[in-house]
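Mapped onto the working numbering, the consecutive letters of the sequence shown carry residue numbers 864 to 1071.
All remarks here apply to the structure that follows.
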Amino acid sequence: MKPVKNVCLVIAALFCFQLMQAQTIVGSKHDFSTQAWNTSVGQQICIVCHTPHNASTTVTDAPLWNHASTASTFTLYSSSTLNSTMSQPDASSKLCLSCHDGTVALENFGTTTNGTHFITSVYNLGSGLNNDHPVSFTYDAALATTDGGLKNPTTTASGLGGTISQNMLFGGKMQCASCHDVHNSAGQPKLLLKSNAASALCLTCHAK
Ligand code: HEC
Ligand code: HEC
Ligand code: HEC
Ligand code: HEC
864 MKPVKNVCLV IAALFCFQLM QAQTIVGSKH DFSTQAWNTS VGQQICIVCH TPHNASTTVT
924 DAPLWNHAST ASTFTLYSSS TLNSTMSQPD ASSKLCLSCH DGTVALENFG TTTNGTHFIT
984 SVYNLGSGLN NDHPVSFTYD AALATTDGGL KNPTTTASGL GGTISQNMLF GGKMQCASCH
1044 DVHNSAGQPK LLLKSNAASA LCLTCHAK
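In structure tokens:
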């Protein structure tokens, strides 16, 4: 084999190895380990959101939560074609909004309550959820039938190994995490749960 061909093979192998590597939170927008405001021991990654002990039980269904929670009342999405009934964001969506509504400081985790760094720009959704995709409502077969333009979540494949219900809903509900992976496991832009190329994410649920 010619040397140049060998070099090409090595590069191809390295590229394959890169593709096989699972993506993680490390280096993503949710890796706060290099932020000056993260003064935890060794500037840990998980601690900003989780703690193994003395976790907050303020929000129902919160996974060992360590971050201060929002106290905002949100303006909800409405439209004349919406079939679901909206209510205040709950469970993990409320956890997302505990940074993304811009009212709680990023470093208000653990025992810190006087932080000064807030989320800004397009990352700040504010307390007006009336211009955001609805969350925190039940998406079931009955809704799909009523709506007519939604796929049945209990029988439709998500493209992630199981059905929409299994892979994208939480206790049968749509949440921010139905479209986003907070830990960046999928390695998609904008922390999306799956690729939205040619609107693949949207078309998982919407029959359009
Ligand atoms: C920016 C906040 C944030 C950071 C940082 C974070 N998580 Fe999470 N984590 C969440 C939220 C929100 C949920 C609930 C939503 C969900 O399950 O997708 C969650 C859920 C979980 C769960 C339960 C559900 C599951 O996916 O198994 C585990 C376990 C977990 N996180 C572990 C970790 C570990 C370990 C780290 C550090 C390497 C970490 N998280 C960093 C926000 C965070
Ligand atoms: C501890 C605070 C915190 C929590 C909790 C949190 N985020 Fe974030 N998130 C941030 C910050 C800070 C950024 C980066 C903002 C910036 O760069 O200005 C960010 C960025 C993002 C981005 C943009 C990613 C990109 O690459 O452009 C998305 C999407 C996102 N978060 C969704 C979520 C979702 C969904 C949840 C809940 C499941 C969540 N976040 C929970 C603080 C948080
Ligand atoms: C129906 C799917 C869906 C739901 C539900 C959803 N998002 Fe997103 N989100 C997206 C998509 C798609 C993008 C990327 C848009 C783009 O690239 O312009 C995005 C972008 C973002 C961004 C980055 C802002 C930007 O303009 O770059 C943040 C932050 C974010 N979402 C947070 C949230 C939070 C918090 C929730 C829950 C309150 C949520 N999302 C619910 C699909 C969703
Ligand atoms: C995990 C499933 C799921 C994904 C992914 C999803 N949606 Fe939805 N979407 C729903 C459900 C369920 C509703 C509520 C429909 C209702 O109650 O009428 C909804 C509501 C909407 C509405 C409001 C409908 C109305 O009548 O006012 C629009 C528009 C919409 N989605 C667009 C999108 C777009 C664009 C994307 C991709 C960025 C997307 N959705 C991704 C499930 C999903």
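Glycine included, C-beta positions come from ideal geometry on N, C-alpha and C.
Worksheet item: Since L827 contacts D964 with CB under 8 Å, what's their CB separation in whole angstroms?
Response: Coverage of the chain is limited to positions 864 through 1071, which leaves residue 827 absent and any answer about it impossible.
Worksheet item: Just to confirm, are F1091 and S947 a CB contact at a threshold of 7 Å?
Response: Given a span of 864 to 1071 for the chain in the structure shown, any question on residue 1091 remains unanswerable.
Discussion item. Which runs of the beta strand (DSSP E) at least 3 residues long sit entirely within the region 962 to 1011? Give them in chain order.
Written reply: none
Discussion item. Looking at S1021: is its Cβ nearer than 7 Å to the Cβ of T1067?
Written reply: By one-based count along the sequence shown, residue 1021 stands at place 158. By one-based count along the sequence shown, residue 1067 stands at place 204. Yes.
Worksheet entry | Contact under 7 Å by Cβ, S990 with F937 | In the sequence shown, counting from the first residue as 1, residue 990 sits at position 127. In the sequence shown, counting from the first residue as 1, residue 937 sits at position 74. Yes. Within cutoff.
Item to complete: Compute the minimum distance between the beta carbon of L1055 and the heavy atoms of ligand 4, and state whether it is under 6 Å.
Response: The residue given as residue 1055 occupies position 192 in the sequence shown. L1055: no, Cβ never under 6 Å from ligand 4.
Fill in: DSSP state of M1037 mapped onto helix, strand, coil
One-based indexing of the sequence shown puts residue 1037 at position 174. Note: M1037 maps to strand in three-state DSSP.
Worksheet item: Nearest to G973 by alpha carbon, out of N901, S935, D894, A1070?
Response: On the sequence shown, residue 973 is found 110 positions in, with the first residue counted as 1. When only C-alpha atoms are compared, the closest one is N901.
Discussion item. Please state the DSSP three-state secondary structure of S919.
Written reply: The sequence position of residue 919 within the sequence shown is 56, counting from 1. Three-state DSSP puts S919 in a strand.
Fill in: Bridge-paired residues (DSSP) for H930
If you number the sequence shown from 1, residue 930 lands on position 67. BP columns for H930 point to F972.
Worksheet item: Where L960 and T933 are concerned, what is the direct C-alpha to C-alpha distance, given to the nearest angstrom?
Response: Within the sequence shown, residue 960 is the residue found at index 97, counting from 1. Within the sequence shown, residue 933 is the residue found at index 70, counting from 1. Between L960 and T933, the C-alpha separation is close to 7 Å.
Worksheet item: Quick one: what's got a C-beta closer than 6 Å to T1072's C-beta in the same chain, skipping five residues either side?
Response: The structure shown does not extend to residue 1072, since the chain is modelled only from 864 through 1071, so no value can be given for it.
Practice prompt. Could you tell me whether any non-hydrogen atom of ligand 1 is closer than 6 Å to the CB of A918?
Written response: For this step, residue 918 is matched to residue 55 along the sequence shown. For A918, the CB stays at least 6 Å from every heavy atom of ligand 1.
Discussion item. Does A1020 come out as helix, strand or coil in the three-state DSSP assignment?
Written reply: Residue mapping note: residue 1020 aligns to position 157 of the sequence shown, counting from 1. Note: A1020 maps to strand in three-state DSSP.
Worksheet item: Looking only at its own chain, which residues have a Cβ that is under 8 Å from the Cβ of H930, when we skip the five neighbours before and after it?
Response: Along the sequence shown, one-based indexing puts residue 930 at 67. V911, C912, S919, L958, S961, C962, V967, N971, F972.
Worksheet entry | Segment contact, 8 Å Cβ cut-off, at least three pairs: the region 1043 to 1060 with the region 884 to 895 | With a cut-off of 8 Å on Cβ pairs, the region 1043 to 1060 is in contact with the region 884 to 895, counting three or more such pairs.
Discussion item. Spatial neighbours of P915 within its chain, please: C-beta separation below 7 Å, excluding the five flanking residues on both sides.
Written reply: Here the question's residue 915 lines up with position 52 in the sequence shown. Result list for P915: L927, in chain order.
Discussion item. Which same chain residues end up closer than 8 Å to L969 when comparing Cβ atoms and leaving out the 5 residues on each side of it in sequence?
Written reply: What you label residue 969 is simply residue 106 of the sequence shown in a count that begins at 1. Closer than 8 Å at the Cβ level, and outside the excluded window around L969, lie F895, Q898, W900, V911, C962, G978, H980, F981, I982.
Worksheet item: Would you say N1015 and A1004 are within 7 Å of each other, going by their C-beta atoms?
Response: Counting from 1 along the sequence shown, the entry for residue 1015 is found at position 152. Counting from 1 along the sequence shown, the entry for residue 1004 is found at position 141. Taking 7 Å as the Cβ cut-off, N1015 and A1004 qualify as a contacting pair.
Worksheet item: Straight-line CA distance for T887 to L1055?
Response: For the purposes of this step, residue 887 is identified with residue 24 of the sequence shown, where counting begins at 1. For the purposes of this step, residue 1055 is identified with residue 192 of the sequence shown, where counting begins at 1. When rounded, the distance between both Cα atoms is 13 Å.
Practice prompt. Round the Cβ separation of M1037 and Y986 to the nearest angstrom and send it over; I've been treating them as touching at under 8 Å.
Written response: One-based indexing of the sequence shown puts residue 1037 at position 174. One-based indexing of the sequence shown puts residue 986 at position 123. So it is not a contact: roughly 21 Å between Cβ atoms.
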